[in-house]
Ligand code: NAD
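In this note's numbering, the protein residues as written are 394 to 867.
Now the structure itself:
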């Protein structure tokens, strides 16, 4: 059921051999499901050498051929949808329906990247005299290192691998040690599709050690990281030493502003589905709720009613609508938010860990917590929803912009004027009005302020892996 784990270096799977290992734990049962081997320093050096060797040929492989291989990998992954979704649920906890959706999204991402590689056009700039031709030529930046987290073990590696490969860059991926099986399945799909040795390498280990080794190597020219703000800043500093490109997709604390002219019941339904998806462990999840006073009561009672419909349970059970948290650190983090002396507010639902097995935390609602509480200032990354109110437009915008983050924001209103004004004023990489629609394959995902740098997805995603060389011909 759960795949055989391994490192994938220079086109070969590597297992055991006396390497240090750590157990992979099912968060719904707290039982070990596999052993994961860590890469040795020698393994990391071999992965670097393999990526370096593969680059000259891969960059010259036509975008058409690269696209063909990527599409084949997408087909292999599509064919294994059920196994990969189950793997994802077993190691990460999210319900199977979400895991299936995530595998579908990973396939979609790989296919999109394949075609973006073919559309990575250059341009011709008119010369100042008639005997000169000026070309702007896209070139792959070189081998990349990608670091992916445990909350989206399928889409985050798929995006980094497929975009790098489509652009002509080999990549070394270090996926999260807590959720390695899904990335192993994705790499297997690329392997079976016939991606040449060294173009894609997969390693695991102690994150800080692996990232320092890879980023400090002159082979690596590009770093792409998805994870927390402090780690993103640390990796950006390491990258600066070698003047390497970075794409940083970091945390947020996404405001959801519900204006009085919105339908409070509909807004609550949509926001509850966004808030508790993957037990709230989603970087773009709506996570601070500001409701205009006139509809506060109606919104809050609809939000409570919708939340109480959630059925917490093992993600493999068809009846479950919310799974466990991915690891015990998240339970500690949730307890920390609840026990914060500055929290304040009224607990309208949940509030604690539940069950005697698995990392289950109840879907929780805190009405009117203090603006100074940790819950209103730090990314909860879990199933706690703080709901607060506001009077006028400017107050809502000021609250939304008060934090150093700027990843996603949500606005609910029936007025186009309010929607446009709010989307203009909110400091955020993405704004969705009256829906949760964002991070689609074809649209750019990226944050402002501490939430990151650069983009993944959309026509912008591939730019992070390309250099624009200027060539003038006389
Ligand atoms: P963490 O900060 O220790 O780790 C976050 C991720 O970064 C993990 O995948 C981890 O393996 C990796 N990581 C940590 N140190 C690293 C290093 N030196 N080099 C390379 N990778 C490294 O925290 P955590 O307990 O795993 O997660 C907690 C917080 O991380 C959450 O509160 C959330 O803010 C953030 N997070 C964000 C995302 C996202 O999608 N942006 C995903 C996962 C976690």
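No residue lacks a Cβ here, since even glycine has one placed at the ideal position from N, Cα and C.
Own chain, CB closer than 6 Å to residue i, minus 5 neighbours either side, in chain order
{"i": "residue 649", "result": "664, 679, 682, 803"}
{"i": "residue 606", "result": "437"}
{"i": "residue 470", "result": "500, 582"}
{"i": "residue 550", "result": "541, 566, 568, 576, 579"}
{"i": "residue 638", "result": "534, 615"}
{"i": "residue 474", "result": "496"}
{"i": "residue 588", "result": "462"}
{"i": "residue 363", "result": "It is not possible to answer for residue 363, since the shown part of the chain is limited to 394 through 867."}
{"i": "residue 467", "result": "500, 503, 504"}
Pair within 7 Å by beta-carbon distance, residue i and residue j
{"i": "residue 651", "j": "residue 805", "result": "yes"}
{"i": "residue 751", "j": "residue 422", "result": "yes"}
{"i": "residue 736", "j": "residue 762", "result": "yes"}
{"i": "residue 335", "j": "residue 507", "result": "In this structure the chain extends from 394 to 867, so residue 335 is not present and cannot be described."}
{"i": "residue 486", "j": "residue 744", "result": "no"}
{"i": "residue 622", "j": "residue 843", "result": "yes"}
{"i": "residue 427", "j": "residue 398", "result": "yes"}
{"i": "residue 578", "j": "residue 543", "result": "no"}
{"i": "residue 668", "j": "residue 825", "result": "no"}
{"i": "residue 447", "j": "residue 539", "result": "no"}
{"i": "residue 660", "j": "residue 776", "result": "no"}
{"i": "residue 868", "j": "residue 645", "result": "The chain is shown only over 394 to 867; residue 868 falls outside these bounds and no answer can be derived."}
{"i": "residue 604", "j": "residue 640", "result": "no"}
{"i": "residue 461", "j": "residue 478", "result": "no"}
{"i": "residue 566", "j": "residue 444", "result": "no"}
{"i": "residue 653", "j": "residue 688", "result": "yes"}
{"i": "residue 858", "j": "residue 557", "result": "yes"}
{"i": "residue 536", "j": "residue 613", "result": "yes"}
{"i": "residue 491", "j": "residue 417", "result": "no"}
{"i": "residue 823", "j": "residue 801", "result": "yes"}
{"i": "residue 703", "j": "residue 756", "result": "yes"}
{"i": "residue 420", "j": "residue 717", "result": "yes"}
{"i": "residue 821", "j": "residue 799", "result": "yes"}
{"i": "residue 488", "j": "residue 555", "result": "no"}
{"i": "residue 563", "j": "residue 406", "result": "no"}
{"i": "residue 834", "j": "residue 854", "result": "no"}
{"i": "residue 642", "j": "residue 619", "result": "yes"}
{"i": "residue 813", "j": "residue 596", "result": "no"}
{"i": "residue 754", "j": "residue 715", "result": "no"}
{"i": "residue 793", "j": "residue 758", "result": "no"}
{"i": "residue 598", "j": "residue 480", "result": "no"}
{"i": "residue 685", "j": "residue 719", "result": "no"}
{"i": "residue 733", "j": "residue 767", "result": "yes"}
{"i": "residue 402", "j": "residue 594", "result": "yes"}
Opposing strand residues paired with residue i [DSSP bridges]
{"i": "residue 539", "result": "566, 617"}
{"i": "residue 780", "result": "682, 760"}
{"i": "residue 825", "result": "803"}
{"i": "residue 650", "result": "683, 804"}
{"i": "residue 846", "result": "641"}
{"i": "residue 583", "result": "BP columns for residue 583 are empty, so no partner."}
{"i": "residue 594", "result": "565"}
{"i": "residue 742", "result": "758"}
{"i": "residue 863", "result": "529"}
{"i": "residue 838", "result": "849"}
{"i": "residue 715", "result": "705"}
{"i": "residue 401", "result": "406, 595"}
Own chain, CB closer than 7 Å to residue i, minus 5 neighbours either side, in chain order
{"i": "residue 760", "result": "693, 738, 739, 741, 780"}
{"i": "residue 520", "result": "526, 527"}
{"i": "residue 363", "result": "Past the edges of the chain, shown from 394 to 867, lies residue 363, and the structure says nothing about it."}
{"i": "residue 464", "result": "504, 507"}
{"i": "residue 569", "result": "541, 542, 543, 546"}
{"i": "residue 828", "result": "663"}
{"i": "residue 515", "result": "528, 529, 530, 531"}
{"i": "residue 518", "result": "527, 529"}
8 Å CB neighbourhood of residue i in its chain, flanking five on each side removed
{"i": "residue 662", "result": "695, 699"}
{"i": "residue 414", "result": "428, 429, 430, 431"}
{"i": "residue 456", "result": "510, 511, 513, 559, 561"}
{"i": "residue 865", "result": "520, 525, 526, 527, 528"}
Those runs of the alpha helix (DSSP H) which lie wholly inside the segment 677-705 and span at least 4 residues | 689-701
Which ranges would you report for the beta strand (DSSP E) in the segment 415-442 if only whole runs of at least 3 residues count?
-> 424-430
What are the start and end residues of each continuous beta strand (DSSP E) run of 3 or more residues lying completely inside the segment 491-531, in chain order?
-> 516-518
Inside the segment 441-491 only - alpha helix (DSSP H) runs reaching at least 4 residues = 456-472, 474-485
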